[in-house]
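Student: Quick one: structure below, then a few questions.
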Amino acid sequence: MSSEGQLIVCRRCNETIPLEEDSCPHCGTTIRGNGPYIGAMLFGIILAGASLLRLGELLAFTVLGALIVAIAGYLFYNKRQRIQKASQRA
Numbered sequence: 005m006s007s008e009g010q011l012i013v014c015r016r017c018n019e020t021i022p023l024e025e026d027s028c029p030h031c032g033t034t035i036r037g038n039g040p041y042i043g044a045m046l047f048g049i050i051l052a053g054a055s056l057l058r059l060g061e062l063l064a065f066t067v068l069g070a071l072i073v074a075i076a077g078y079l080f081y082n083k084r085q086r087i088q089k090a091s092q093r094a
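Residue numbers (the numbering used here): 5 to 94.
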């Protein structure tokens, strides 16, 4: 299946799974899916961009959009770093 040391732990069910898997064979959680992070970043960009057209009235939405982009970007980066660290342990 996989060589010794190339295992990661599923964040949902805490089972050990091979690094090469795209989803957890125990609970079905996707390991490599980035759709939610990218979707959140796009939503934040659209929200911030749309509210820039009426900056005086919608400043709070501009800040909210920028905050959504920043958080989703951090979570996406953090996930990629964890996967990279797990693959380097092998």
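C-beta: ideal position from N, C-alpha, C; glycine also.
From a predicted model like this one, the values you see are computed outputs, not experimental measurements.
Using 10 angstroms around the beta-carbon of glycine 69, count the other beta-carbons present and answer buried if the total reaches 16, otherwise exposed.
Tutor: Buried.
Student: Could you say if the segment 40-58 and the segment 72-80 meet the contact criterion of at least three C-beta pairs nearer than 8 Å?
Tutor: Contact holds: three or more Cβ-Cβ distances are below 8 Å.
Student: Could you spell out where the alpha helix (DSSP H) holding leucine 46 opens and where it closes?
Tutor: 39-56 is the extent of the alpha helix (DSSP H) around leucine 46.
Student: Could you tell me the boundaries of the beta strand (DSSP E) in which threonine 20 lies?
Tutor: Its beta strand (DSSP E) spans residues 20-22.
Student: Label cysteine 17 either buried or exposed according to how many other C-beta atoms from any shown protein chain fall within 10 Å of its C-beta, with 16 as the threshold for buried.
Tutor: By the 10 Å Cβ count, cysteine 17 comes out exposed.
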